[in-house]
Amino acid sequence: MKRLSLLPLLLIALLIAGCSGIGSDNVADIGSDVSISQDTYNRWVVTTAAQANPGSKPGLSEAPDYKGCVQQQKKTVSAKANLATLKQLCAAQERAIKQQVLRQLVTGGWIAAEAKQQGIEANSKTVDNALAEITRSYPKVDGGVNGDDLRWQAETAVLQQQLRQKASAKQKLKPTEAQLKAFYSKNSDLLADQPSRDVYLMLSSSRAKASAAAAALRSGTSWNTVFKKYNDSRLWNSTSALLVNVNPKSWLPELSKEIFGAPVGVVEGPTNIAPLKAWSVVEVKASRGGKAAPAYAKAHAQLEQAWLAKQASSAGESAVTGLQKKWQPQTTCAAAYAKWYPCKGTTKAAG
0 MKRLSLLPLL LIALLIAGCS GIGSDNVADI GSDVSISQDT YNRWVVTTAA
50 QANPGSKPGL SEAPDYKGCV QQQKKTVSAK ANLATLKQLC AAQERAIKQQ
100 VLRQLVTGGW IAAEAKQQGI EANSKTVDNA LAEITRSYPK VDGGVNGDDL
150 RWQAETAVLQ QQLRQKASAK QKLKPTEAQL KAFYSKNSDL LADQPSRDVY
200 LMLSSSRAKA SAAAAALRSG TSWNTVFKKY NDSRLWNSTS ALLVNVNPKS
250 WLPELSKEIF GAPVGVVEGP TNIAPLKAWS VVEVKASRGG KAAPAYAKAH
300 AQLEQAWLAK QASSAGESAV TGLQKKWQPQ TTCAAAYAKW YPCKGTTKAA
350 G
């Protein structure tokens with residue numbers, strides 16, 4: 000089944016209310032101050048479904064025919080697949096979308112509830128900037144999200160960042176020598192200059208096409224031309240064949256041997272990349288050697304700053320990820336959703 004391109008973590012449009020218990024028109028209530036309305040939930044489901052199945056008729060459900068989804072599945076699964084099988088895939092996809100939207104909205108609701116409790120208000124200018132970026136990400140869909148929904152998404156994303164920053168700011172204790180030495184032992188590579196390479200890369204699911212690409216390159220055809228003709232975007236979704244400053248720490252492990260074992264200026268391939276079910280063709284344009292980390296004594300001040308930064312970052316992440324423990328027990332969902340995670344009493348496995 001096609002891997003869903005679902006909404007980011009904070010797809011939020013919440014109604015702030017002052018009542019307790021689950022409202023008759025709500026999907027979920029979080030504490031006594033934050034509610035997710037049924038209308039809000041429905042709009043995000045419509046938008047998410049439209050993104051998952053471009054060209055389908057907007058709506059909460061395509062059941063029982065799933066015409067738009069079936070057409071999309073034929074393109075991504077198989078045009079020869081049994082219709083009943085495709086409908087089953089579509090039904091499963093629809094349920095997955097609805098559950099995912101609930102998770103995203105409730106998770107954002109936890110952030111809104113926590114920010115309200117801590118007296119944190121989103122910076123309006125930052126929200127405006129975030130909104131401009133978010134708005135470009137979503138096409139207009141009949142019955143889908145509106146301007147208020149997108150503004151809430153932007154506002155909640157800003158609140159999330161402000162919660163992180165507030166928690167991070169509290170981490171000011173200096174490390175002991177024992178802590179710093181342990182940190183150096185595990186993270187000395189943070190102070191090293193990693194080796195890096197500029198490399199041309201293309202991938203294909205067909206050995207024949209990869210062989211043809213390699214032959215064309217060796218005969219003088221440009222990488223730009225070869226990449227456009229032979230690269231399989233489903234395997235390597237890039238607009239350019241050239242990658243700059245690639246280093247082993249940040250690179251795909253499946254391709255590290257090909258990238259960092261190849262000589263400079265030589266077309267290598269086709270090479271079977273079994274974990275990716277692909278064939279690669281690479282050419283290293285430039286290679287730069289790395290530099291080892293300095294000794295502990297020389298790096299003391301730099302290490303202390305890195306330690307503090309990591310502690311602050313961890314505190315900021317915990318301020319957000321720890322919200323589940325606090326707010327899930329206070330998340331009451333309507334009967335139709337009560338068994339879905341993250342409603343009160345549910346788990347990810349059960350959801």
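Here numbering that gives the first Met the number 0 is used: position 57 in the sequence shown is 56, and no number is missing along the way. Virtual Cβ for every residue (Gly too), placed ideally from N, Cα, C. Because the structure is a prediction, the values reported are computed rather than measured.
Counted within 10 angstroms of its Cβ, other Cβ atoms place residue i as buried (16 or more) or exposed
i, result
"P269", "buried"
"A308", "exposed"
"G20", "Because G20 carries a pLDDT of 47, less than 50, the predicted location of this residue cannot be relied on, and the following value inherits that uncertainty. With fewer than 16 Cβ atoms within 10 Å of its Cβ, G20 is classed as exposed."
"S123", "exposed"
"E154", "buried"
"T330", "buried"
"V265", "exposed"
"D24", "exposed"
"N81", "exposed"
"Q304", "exposed"
Reduced DSSP category for residue i - H, G, I as helix; E, B as strand; rest coil
i, result
"K338", "coil"
"L82", "helix"
"D32", "coil"
"P269", "strand"
"N41", "helix"
"Y229", "helix"
"L8", "Interpretation of L8 is limited by its pLDDT of 38, a score under 50 that renders its predicted location unreliable; the figure taken from the coordinates is listed afterwards. In this structure, L8 counts as coil in the three-state DSSP scheme."
"A318", "helix"
"S204", "coil"
"N120", "Contrary to the premise, residue 120 reads as Glu rather than Asn in this sequence. If DSSP states are grouped into helix, strand and coil, E120 belongs with coil."
"V281", "strand"
"S286", "strand"
"A261", "coil"
"A240", "coil"
"N223", "helix"
"Q126", "The sequence shown places Val at residue 126, rather than the Gln named in the question. If DSSP states are grouped into helix, strand and coil, V126 belongs with the helices."
"V69", "helix"
Euclidean distance between Cα positions of residue i and residue j
i, j, result
"S86", "E61", "The amino acid occupying residue 86 in the given sequence is Lys; Ser does not appear at that position. About 10 Å."
"A314", "L302", "18 Å"
"N128", "L172", "34 Å"
"W278", "Q98", "36 Å"
"G219", "R42", "53 Å"
"H299", "P174", "11 Å"
"I96", "S239", "32 Å"
"S4", "K66", "Confidence is the limiting factor: at S4 the pLDDT is only 35, short of 50, which leaves the residue's position unreliable and the question unanswerable from this model."
"V283", "Q71", "38 Å"
"I110", "D32", "12 Å"
"K276", "K79", "22 Å"
"D38", "R150", "16 Å"
"A91", "V26", "21 Å"
"R135", "Q103", "20 Å"
"G107", "G321", "13 Å"
"L234", "P274", "12 Å"
"K227", "W250", "23 Å"
"N230", "A213", "11 Å"
"K165", "A318", "9 Å"
"K324", "Q178", "29 Å"
"R217", "V225", "11 Å"
"P260", "N223", "It should be pointed out that residue 260 corresponds to Gly in this sequence rather than to Pro. Approximately 23 Å between the Cα atoms of the pair."
"K74", "P262", "39 Å"
"R94", "L88", "10 Å"
CB contact below 8 Å: residue i versus chain C
i, result
"Q87", "Looking for chain C here will not work: only one protein chain is present."
Task: Segments of 4+ residues assigned as alpha helix (DSSP H) that fall wholly inside the stretch 146-197 - done: 146-168 and 176-186
- [ ] Tell me, please, whether the stretch 269-287 touches the stretch 197-214 by the rule of three or more beta-carbon pairs shorter than 8 Å.
- [x] yes
TODO: Decide if the stretch 112-129 is in contact with the stretch 141-149; the criterion is three or more beta carbon pairs, one per stretch, under 8 Å apart.
DONE: no
Open item on the list: With three or more C-beta pairs closer than 8 Å as the rule, is the stretch 185-194 touching the stretch 279-292?
Closed with: yes
- [ ] Examine the Cβ distances between the stretch 98-111 and the stretch 334-350 and report whether three or more of them are shorter than 8 Å.
- [x] yes
Open item on the list: Using 8 Å as the cut-off, can you tell me whether the stretch 236-250 makes contact with the stretch 178-187, which would need three or more C-beta pairs spanning the two stretches below that distance?
Closed with: no
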